[in-house]
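One structure below.
2 protein chains.
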Amino acid sequence: MTRQLHLNAFLMNTGHHEASWRLPESDPYAHVELDHYVRLARIAERGTFDSLFLADGPQLWGSVGQRPAGALEPLTLLTALATATEHIGLIATASTSYNSPYNLARKFASLDIISGGRAGWNIVTTAGAEAARNFGLDAEPAHAQRYARAAEFLDVALKLWDSWEDDAIVADKASGVWGDDTKIHPPRHTGTYFSVEGPLNVPRTPQGYPLLVQAGSSENGKAFAARYAEAVFTAQQTIEDAQAFYADLKSRTAAAGRDPDHIKVLPGIVPVIGSTEAEALAHEQVLEDHIVYTHGVGNLERLLQLEPGRLELDAQLPADLPPESAIEGAKSRYTLVVELARRDRLTVRQLIGRLGGGRGHLTFAGTPEQVADKIESWFTRGAADGFNIMPAVLPSGLDTFVDHVVPILRTRGLLRGEYGPRRTLRERYGLPRPANQHVKPVEPAEPTEPVAPVLV
Amino acid sequence: MTRQLHLNAFLMNTGHHEASWRLPESDPYAHVELDHYVRLARIAERGTFDSLFLADGPQLWGSVGQRPAGALEPLTLLTALATATEHIGLIATASTSYNSPYNLARKFASLDIISGGRAGWNIVTTAGAEAARNFGLDAEPAHAQRYARAAEFLDVALKLWDSWEDDAIVADKASGVWGDDTKIHPPRHTGTYFSVEGPLNVPRTPQGYPLLVQAGSSENGKAFAARYAEAVFTAQQTIEDAQAFYADLKSRTAAAGRDPDHIKVLPGIVPVIGSTEAEALAHEQVLEDHIVYTHGVGNLERLLQLEPGRLELDAQLPADLPPESAIEGAKSRYTLVVELARRDRLTVRQLIGRLGGGRGHLTFAGTPEQVADKIESWFTRGAADGFNIMPAVLPSGLDTFVDHVVPILRTRGLLRGEYGPRRTLRERYGLPRPANQHVKPVEPAEPTEPVAPVLV
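Residue numbers (our numbering), protein chains in the order written: chain U, 1 to 456; chain C, 1 to 456.
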């Protein structure tokens with residue numbers, strides 16, 4: 001079979017365009033309605049996507065005046081979606097800075113069991129002082145410290161998920177013996193950030209543990225991904241940048257002693273689709289016309305850590321912005337926005353228009369054929385193993401993608417036509433089920449007769 | 001309408017009898033299978049129960065050799081059950097000692113929205129060093145300190161749930177204004193245990209906040225219940241004890257400035273039902289025959305904080321047990337067990353037999369008529385507002401209760417025959433929706449003409 005595209009549906013409110021909620025078709029309460037997300041999940045499943053994904057941060061972002069604010073907690077929402085779907089993977093964002101390993105490992109184990117092995121965890125360290133102040137801190141921890149904590153968090157979580165061997169349950173009714181205590185392995189972890197005795201109170205799950213996903217592209221983020229991540233979401237504006245990122249991450253993963261094919265790279269794309277290119281561009285223009293620019297300026301000033309009032313709508317960004325190394329928040333997003341503005345010599349107004357669509361992800365307006373071409377070209381030219389599909393407007397943008405782009409990808413042999421038998425999320429992404437760290441691999445028995453080589 | 005019984009289905013693994021998993025009918029993996037709980041929830045809904053409930057502790061209890069161990073995380077499981085049911089309330093246990101208010105308040109708000117106002121929180125402080133050691137502590141915090149933290153946790157959670165006024169969302173597409181920032185109220189809480197800036201990132205929910213449930217009967221527990229709880233689960237062995245507890249809690253609630261009718265008292269009952277009394281007793285005997293007594297001795301020694309080997313199976317408890325005040329763990333459970341053993345002069349073996357059935361809750365074997373009589377008598381004689389139904393074997397015990405006891409309670413006018421329109425959990429329990437603490441009550445307008453008195 002041809003190498004297959006991995007598609008992930010990034011679900012967000014009424015769409016990734018910040019003004020999408022103002023369109024006549026949009027429900028401004030959709031982001032806190034289960035039915036909205038059930039509908040989206042089922043569309044994605046009709047499109048035989050590998051997975052769907054919810055971003056998150058444990059704080060209320062800025063002013064509620066601007067756009068639909070708040071969100072259902074992702075693990076809670078995904079659990080409800082698990083029962084409304086059958087095949088699609090379910091990836092929830094959760095923070096290593098503002099959770100405890102025991103509780104979070106248990107929630108993901110529970111979701112993995114309830115969904116039949118479809119849980120994924122987008123691991124974030126959570127930038128910003130707003131979140132920190134909801135958890136007893138005055139300011140956000142330094143970037144490097146957040147990543148150090150994340151690494152220790154993962155080590156503990158992996159120990160917890162492996163604390164039951166797969167065959168720890170005996171269930172011998174006659175003798176009254178339910179489990180085998182010798183196959184239970186408490187982590188007994190004592191480290192810099194955590195002390196966790198364990199074991200977890202959930203048996204090992206269908207996937208062993210959730211698919212591990214990561215999305216930060218800073219130096220710390222890439223080092224973390226190379227060590228732990230099995231799928232990476234990334235924002236890339238050009239195929240050259242995407243190729244460089246792809247090659248870099250694969251080689252870092254190999255250097256970390258892992259199979260580079262066991263980390264899947266998925267750039268984000270905001271497809272704005274029309275039956276002609278002109279129709280697609282007109283659709284994009286309607287969205288841009290609904291942007292409230294005064295909001296955009298404030299948001300941009302916050303991102304760039306500038307004093308309020310520093311930016312002018314019809315001027316370019318100031319020349320004296322600090323380097324990424326001085327930023328303790330979302331480093332890779334900072335650099336991406338600054339580089340985008342400088343490369344295309346955008347005014348603040350133009351930059352806000354671009355960001356309003358995809359917050360730094362690649363926005364692409366065109367016909368279904370053009371969108372499919374773009375996807376195929378990145379996929380076959382070493383820039384992507386798949387895509388994070390981020391419709392500007394939801395549900396209509398996802399519907400259009402599934403009805404018009406997916407059939408083309410199927411015809412080209414890049415995407416399955418149906419799911420087939422139920423599989424785990426990790427199997428969908430072509431990854432092996434991880435072995436339990438407490439179980440020694442079984443030595444292969446001596447062959448009793450010569451084995452013919454298998455030709456692949 | 002006659003005063004109505006409140007029924008809660010306490011769902012636990014293959015049943016509340018510790019040996020239930022060994023019966024031929026029982027699935028020893030049931031406790032980690034969604035389908036098992038979906039089936040139970042639907043049986044309870046067929047019986048028009050007000051709610052169902054999951055107990056919990058963030059640790060693996062003792063040896064996995066003894067009985068099905070571990071559990072799906074309750075909020076995760078209840079979210080899945082929310083989509084499989086329509087009317088029944090969903091009460092999850094969560095610990096104030098091992099969660100942060102922001103995350104937990106958000107999860108309950110999300111469940112309340114997803115379930116259409118059916119979320120309830122059984123607030124526990126979590127006894128035991130095992131749990132403490134999963135969260136960075138060497139030993140469990142002292143009992144009084146756990147309750148002090150719980151009270152501050154509740155104050156913060158209530159502020160978070162009230163941080164959006166009910167009408168904070170404007171959704172004005174034309175002007176591009178989504179929310180009203182003046183109706184968002186960050187808690188800005190700084191206290192002994194928590195600093196939480198807020199606001200919550202979830203709008204106010206159908207119930208305002210989840211039904212608040214509590215189950216500790218120690219002095220600290222009762223004081224806490226009088227201040228916060230809207231429903232209380234309790235273990236009582238005799239109607240006299242239950243009446244005393246009921247009267248005490250109602251009067252404490254009144255003394256705390258609350259309406260005593262706004263706290264519902266639900267003792268636990270383990271009904272073992274047979275078509276004749278002899279059949280019920282025989283069923284009870286089968287369960288007792290499956291108990292592994294060597295496990296029971298170890299468990300009892302742990303509960304009573306005795307050295308291993310101190311108890312003898314065919315002797316009574318030692319006379320020199322410490323007073324409740326010396327116990328830092330589950331105080332009220334300790335006293336209940338010791339009093340039960342002394343009152344009925346039980347040997348350790350007999351005590352284990354009694355506890356195996358309901359862990360200190362009232363076990364009652366009889367015909368459906370006798371079970372209904374028991375319930376009616378406690379309900380009408382000031383001992384209960386309803387019951388926490390704890391079948392010894394699941395699902396069969398719940399099935400039997402719903403098929404044979406529920407019809408009798410309905411005939412007697414004590415229990416609704418059908419749910420009628422969808423209601424919130426708090427409405428099912430006859431409780432008002434709480435006002436938002438930031439909204440002043442509207443002064444009633446001067447009547448423009450005389451209002452006739454309403455006769456009820």
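No residue lacks a Cβ here, since even glycine has one placed at the ideal position from N, Cα and C.
Secondary structure of residue i, DSSP reduced to three states
i, result
"U/HIS189", "strand"
"C/LEU160", "helix"
"C/GLY430", "coil"
"C/GLN145", "helix"
"C/TRP61", "coil"
"U/THR276", "coil"
"C/ALA319", "coil"
"U/VAL202", "coil"
"U/ILE408", "helix"
"U/ILE327", "coil"
"C/ASP138", "coil"
"C/ILE43", "helix"
"C/PHE364", "strand"
"C/ILE113", "helix"
"U/GLY208", "strand"
"U/PRO450", "Here the model assigns U/PRO450 a pLDDT of 47, short of 50, so the residue's position is not dependable and the matter cannot be decided."
"U/ILE375", "helix"
Inter-residue spacing [alpha-carbon to alpha-carbon] between residue i and residue j
i, j, result
"C/ASP172", "U/LEU249", "44 Å"
"C/GLY208", "C/ALA41", "24 Å"
"C/GLY198", "C/PRO186", "5 Å"
"U/ALA131", "U/GLN59", "5 Å"
"U/GLU86", "U/SER95", "27 Å"
"C/ASP162", "U/ALA69", "16 Å"
"C/VAL442", "C/GLY62", "54 Å"
"C/GLN370", "C/THR411", "15 Å"
"C/GLY191", "U/THR125", "26 Å"
"C/LEU346", "C/ILE239", "20 Å"
"U/LYS440", "C/TYR102", "41 Å"
Test: residue i CB closer than 9 Å to a CB of chain C
i, result
"U/GLN66", "yes"
"U/LEU23", "yes"
"U/VAL286", "no"
"U/HIS290", "yes"
"U/ASN436", "no"
"U/TYR29", "yes"
Bridge partners - residue i, DSSP secondary structure assignment
i, result
"U/LEU7", "U/PHE387"
"C/ASN122", "C/THR93 and C/VAL213"
"U/VAL177", "U/ASP172"
"U/THR234", "U/PRO267"
"U/SER51", "U/ASN8 and U/GLY89"
"C/VAL196", "C/HIS189"
Closest residue to residue i among the options (Cα-Cα distance)
i, options, result
"U/GLU73", "C/LEU200, C/THR424 and C/ALA215", "C/LEU200"
"U/TYR193", "U/GLY216, U/ARG149 and U/LYS183", "U/ARG149"
"C/ALA127", "C/ARG410, C/LEU303 and C/ALA315", "C/LEU303"
"U/THR234", "U/ILE389, U/ARG422 and U/MET12", "U/ILE389"
"U/PHE245", "U/ILE263, U/ASP259, U/ARG428 and U/ARG258", "U/ILE263"
"C/SER195", "U/GLY176, U/LEU5, U/GLY179 and U/ASP138", "U/ASP138"
"U/ASN99", "U/GLY65, U/LEU81 and U/GLY57", "U/GLY57"
"C/LEU425", "C/LEU90, C/TYR37 and C/GLN237", "C/LEU90"
"U/ARG188", "U/ARG428, U/PHE10, U/ALA157 and U/ASP289", "U/ALA157"
"U/ARG3", "U/PRO434, U/GLY386 and U/PHE401", "U/GLY386"
"C/PRO395", "C/PHE10, C/LEU281 and C/PRO318", "C/PHE10"
Chain U contact for residue i (CB, 9 Å cutoff)
i, result
"C/HIS143", "no"
"C/HIS17", "no"
"C/ARG133", "yes"
"C/ILE263", "no"
"C/ASP180", "yes"
"C/ALA80", "yes"
"C/ILE184", "yes"
Residue i: CB within 8 Å of a non-hydrogen atom of the ligand FMN
i, result
"U/THR205", "With respect to the ligand FMN, the structure shown offers nothing to examine, as it has no ligands at all."
Residues of the segment 101 to 122 of chain C whose Cβ lies closer than 7 Å to any Cβ of chain B, in chain order: The displayed structure is made up of protein chains U and C, and chain B is not among them.
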